[in-house]
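Following this line, the structure appears as structure tokens:
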């Protein structure tokens with residue numbers, strides 16, 4: 519039988535609406551009735567479309583809460599990340615990722631895109647099951663109740679004209695054809711619904727120019743992501759090696775396009791922004807990671823003004839809070855430009871839900887925020903996104919199935935304890 523949810527308030531296309539009845543059947547929304555009499559299962563608070571974490575490296579979560587030293591930068595932080603990567607095996611990564619994905623669900627995420635590059639055993643030797651780690655991440659998302667888009671990442675070099683070294687050998691395939699062969703095995707995990715498989719170019723540093731077209735061709739219409747211009751040093755090295763920016767290099771190689779998402783896109787030229795817009799490429803900003811690593815404030819307003827669709831991710835998981843990522847998108851623009859409301863609340867939600875909406879035909883992925891907490895009390899309905907935090911998320915449904923109820927995960931019994939144990943098992 520169809521499920522009827524009566525939402526005290528729901529954010530429909532256009533903004534929050536009172537007394538909305540949602541009819542759900544076979545995991546999808548089949549009816550939306552604003553101003554409905556109270557019926558079915560009551561859902562107090564403000565119900566949003568499911569929030570999407572469009573960029574995740576699950577194992578980076580082990581580095582949260584490690585204070586930085588005065589001279590630390592992205593590059594010194596990376597050494598700690600390599601230590602964690604060196605210690606993980608498929609079983610350990612499954613336990614860690616399950617707890618991380620449970621934390622995401624508790625924070626209001628209904629889907630995650632995992633930018634996955636920890637492919638091989640120590641020394642770069644393939645596992646007996648060459649997709650063992652990919653399989654572990656899919657199982658982790660299923661255990662935590664999230665949808666997952668698994669991006670099998672091509673990683674072939676330590677930098678321009680530099681072979682992989684140290685733990686990077688665990689990330690790297692012998693060449694781009696070997697990557698494509700393994701990625702085709704990963705693609706068999708795609709079920710067309712809860713599990714989608716795509717590809718990623720780790721960066722222009724890690725994938726030589728001549729290999730880029732092969733990755734783009736393998737991806738085809740599948741999702742294709744790339745770390746882009748996260749650091750000024752990356753831009754300088756690319757200009758020195760190829761005489762063009764990373765964006766121009768990717769454009770020339772046929773990597774950009776409507777199926778492609780540029781992650782970070784922090785240090786772009788005006789021409790870079792125009793290329794992303796012209797090709798229909800999307801941009802995924804990760805504000806809490808970008809500020810944690812001191813990467814800089816990305817050109818979100820310029821990208822949006824040029825027509826580049828925006829989405830959000832938590833990347834290294836210094837913070838897992840989709841409401842904070844949305845708020846940071848606006849607040850970083852205020853800091854950079856000295857003007858308020860660079861993004862409307864509706865635009866922030868479009869970024870946070872990656873275009874998802876509460877509408878007939880959409881998946882019944884729903885997140886309900888308590889509007890009566892100490893943080894949200896007194897907030898106008900369209901201002902809740904600027905007041906609430908992950909702590910205010912009370913209910914999460916994926917395909918209509920309750921994953922979080924009353925702030926408690928329904929599938930993972932002790933996510934905090936599981937997370938602490940999984941992190942304790944790896945050096946950071």
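In the numbering used here, the protein residues as written are 519 to 946. For glycine and all other residues, C-beta sits at the position ideal for the given N, C-alpha and C. Given the structure is predicted, the values throughout are model-derived calculations rather than measurements.
Residue 890, buried or exposed, once every other Cβ within 10 Å from all chains shown has been counted against 16: exposed
Classify residue 892 as buried or exposed, calling it buried when 16 or more other Cβ atoms lie within 10 Å of its own Cβ. exposed
Determine, using beta carbons only, whether residue 565 and residue 913 come nearer to each other than 9 Å. yes
In whole angstroms, what separates the C-alpha of residue 511 from that of residue 626? The chain is shown from 519 up to 946; residue 511 falls before or after that span and cannot be answered.
Please determine if the stretch 788-798 and the stretch 765-773 are in contact, where contact requires at least 3 C-beta pairs separated by less than 8 Å. yes
For the stretch 842-851 and the stretch 818-833, state whether three or more C-beta atom pairs, one from each stretch, are separated by less than 8 Å. yes
Mind listing, in chain order, the continuous alpha helix (DSSP H) runs of no fewer than 4 residues lying wholly within the stretch 577-618? 592-605
Short check: CB of residue 937 to CB of residue 620, under 9 Å? yes
Go ahead and pull the three-state DSSP assignment for residue 718. strand
For residue 907, the three-state DSSP class (helix, strand or coil): coil
With distance defined between alpha-carbon atoms, name the residue in 646, 631, 842 and 544 nearest to residue 917. 544
Identify whether residue 835 lies in helix, strand or coil by the three-state DSSP scheme. coil
Kindly confirm or deny that the stretch 554-562 and the stretch 918-925 touch, where touching means at least three C-beta pairs closer than 8 Å. no
If you compare alpha carbons, which of 883, 842, 582 and 536 is closest to residue 910? 842
Close-in-space but distant-in-sequence residues of the same chain around residue 775 (CB under 7 Å, 5 per side omitted): 797, 798 and 799
Which complete beta strand (DSSP E) runs does the stretch 892-941 hold, if anything under 3 residues is left out? 911-916 and 919-923
Sequence-distant residues of the same chain with beta carbon closer than 6 Å to residue 812, five excluded per side: none
Where does residue 826 fall in DSSP's three states? coil
Nonlocal neighbours in the same chain, by C-beta distance under 7 Å from residue 951, ignoring five residues either side: This structure cannot speak to residue 951, because the chain is shown only from 519 to 946.
For the alpha helix (DSSP H) that contains residue 853, what are its first and last residues? 840-855
Would you call the stretch 742-756 in contact with the stretch 695-711, where contact means no fewer than 3 C-beta pairs closer than 8 Å? no
According to DSSP, is residue 669 helix, strand or coil? strand
Would you kindly report the start and end of the unbroken alpha helix (DSSP H) that includes residue 859? Element bounds for residue 859: n/a, residue is neither H nor E.
Which whole runs of the beta strand (DSSP E) in the stretch 719-764 are 3 residues long or more, in chain order? 742-746
Whose C-alpha, out of 731, 540, 700 and 724, is nearest the C-alpha of residue 759? 724
Identify, in the order they occur along the chain, each residue of the same chain with its Cβ nearer than 6 Å to the Cβ of residue 739, setting aside the five sequence neighbours on each side. 777
Between the alpha carbons of residue 978 and residue 668, how many angstroms are there, rounded? Outside the shown range of the chain (519 to 946) lies residue 978, about which nothing can therefore be said.
Please name the residue, chosen from 658, 745, 645 and 685, that lies closest to residue 599 on a Cα-to-Cα basis. 685
Given a cut-off of 9 Å, decide if residue 801 and residue 826 are closer than it, judged by their beta-carbon atoms. yes
Starting from residue 879 and walking both ways along the alpha helix (DSSP H), at which residues does that stretch end? Taken as a continuous stretch (DSSP letters only), residue 879 belongs to no alpha helix (DSSP H), as it is neither H nor E.
In terms of alpha-carbon separation, which member of 858, 790 and 807 lies closest to residue 839? 807
For a test of your reading of the model: does the CB of residue 888 fall under 8 Å from any non-hydrogen atom of the ligand MG? Yes or no. As for the ligand MG, it is missing from this structure, which has no ligand bound.
DSSP state of residue 772 mapped onto helix, strand, coil: coil
Short check: CB of residue 718 to CB of residue 635, under 9 Å? yes
Consult DSSP for residue 885 and reduce its assignment to one of helix, strand or coil. strand
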